[in-house]
Amino acid sequence: MNLVLELRPPESRFYGSWQERLETVARLRRPDEVHALCEQAHALGVRTILAVLDDTIREALIAFQRWREVEVWAVLPNMFAFIRDLTDLGMVGAARARFLRLTPAAMTRTTLGALGNLGSIRRRDFVTGALLVADMEMAALRGLRVARLLLHPQLTEIALAGGLPTLFTELATRATRQGMEAGIVTHNPVRAATVLGADLTHFPVVIAPCNPRGYKMFPDREACEQLFRSDPGRFFADELTAGGSVPVETALAHVQELGLAGAVLDVRAVEAAYREGGLGVGTATGAV
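The numbers in the numbering used here rise by one with no breaks, and the one at position 141 of the sequence shown is 979.
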């Protein structure tokens, strides 16, 4: 089984108490602490990192990839930062902030691409806007070796609810142009299979909740597991501890029983397993 570490800005996570939030955010705002977390995950057998990127995580991963052979799967865009910028700066200001982070060459490519979609931009077309933001963040990935691109799950769920397969197929096209593959992160893989149909084959990785309690598995556990069994090598388990109510060992055993390609471990699971000396299950690791 392939093990994946999930990294995202610490302030975007849910915490059991305000004190835990303050301590964790302060700690994981330091690149050296994120680097240390990656080392712990690597010691447990993790060879892939699923990351919503901010400056701290990007800096830590660039340094970590110099030291370790790990794949990075980038989740775009960073919706926590984008929503914050929308609130503080407005739509134009949020877009401008991302544009100014680009290199001159990337600015030119982004401008030319936007000029070709002026009509859709004026209409505030959801797919065009989402792809424009993703394009700008994709252009800012310089320095990282990224193997796969995945749309942020907040955009994914909106697109699936609206029946908009174009957002996913266009992302896959962009990934291919960059020499990467595309993936999907969703809480409703059954809906994703319905919306995408045969195009689901263009996404070798689909990350979705999978746990013995049916936690966050939509529309229900039975339907999700039926889909998983139809093509287990495509699916990676997320939310495997059901919000911390299932021990990691039990959760991983459940994933193995279903034959899924791998499992995504969050920060808490990695730190707890490292303290306890391992994951306690036999897991074959490697990139896919």
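Each residue gets a CB set at the ideal place from its N, CA and C atoms; glycine is no exception.
C-beta contact flag for residue i and residue j at 8 Å
| i | j | result |
| --- | --- | --- |
| Val1023 | Leu998 | no |
| Val1043 | Arg1072 | yes |
| Glu1019 | Arg986 | yes |
| Leu888 | Leu841 | no |
| Leu1065 | Glu1087 | no |
| Asp1076 | Ala1046 | yes |
| Val965 | Thr1004 | yes |
| Gln878 | Tyr1112 | yes |
| Val1108 | Leu845 | no |
| Val872 | Ile895 | yes |
| Leu988 | Gly1035 | no |
| Ala898 | Arg939 | no |
| Ala968 | Leu993 | yes |
| Val1093 | Cys1048 | yes |
| Gly1097 | Tyr1053 | no |
| Ser850 | Phe918 | yes |
Where residue i falls, given that 16 or more other Cβ within 10 Å makes a residue buried
| i | result |
| --- | --- |
| Trp905 | exposed |
| Phe852 | exposed |
| Trp911 | buried |
| Ala1122 | Since pLDDT at Ala1122 reaches only 47, below the 50 mark, its modelled position is unreliable, and the value read off the structure follows with that caveat. So Ala1122 ends up on the exposed side. |
| Arg885 | buried |
| Glu975 | buried |
| Thr1079 | buried |
| Glu1095 | exposed |
| Thr1039 | exposed |
| Gly1124 | Confidence is the limiting factor: at Gly1124 the pLDDT is only 48, short of 50, which leaves the residue's position unreliable and the question unanswerable from this model. |
| Asp893 | exposed |
| Trp973 | For the sequence presented, residue 973 should be read as Asp rather than Trp. Classification of Asp973: buried, given that the 10 Å Cβ count is 16 or more. |
| Thr946 | exposed |
| Pro1027 | buried |
| Ala881 | exposed |
| Leu1090 | buried |
| Gly854 | exposed |
| Gly1100 | buried |
| Leu866 | buried |
| Glu1008 | buried |
| Leu860 | exposed |
| Leu927 | exposed |
Residues sharing a beta bridge with residue i, DSSP
| i | result |
| --- | --- |
| Leu845 | Ala889 |
| Arg986 | Trp911, Glu1019 |
| Leu1103 | Leu843 |
Anticipated Cβ contact below 8 Å, residue i with residue j, distance rounded
| i | j | result |
| --- | --- | --- |
| Pro915 | His1025 | Incorrect: roughly 18 Å between the Cβ atoms, too far for contact. |
| Pro847 | Val890 | 6 Å |
| Val1102 | Phe1074 | 6 Å |
| Arg1142 | Val1084 | As shown, the chain starts at 839 and ends at 1126. That puts residue 1142 outside it, with no answer to give. |
| Ile900 | Gly981 | 5 Å |
Contact with chain B by residue i, beta-carbon distance below 8 Å
| i | result |
| --- | --- |
| Thr1032 | The structure shown contains no chain B, having only a single protein chain. |
Residue i: CB within 7 Å of a non-hydrogen atom of the ligand MN
| i | result |
| --- | --- |
| Cys1062 | Here there are no bound small molecules, and the ligand MN is not part of this structure. |
Practice task
For the segment 1022-1101, list the beta strand (DSSP E) runs that are entirely contained and at least 3 residues long, ordered along the chain.
Solution key: 1043-1047, 1073-1076
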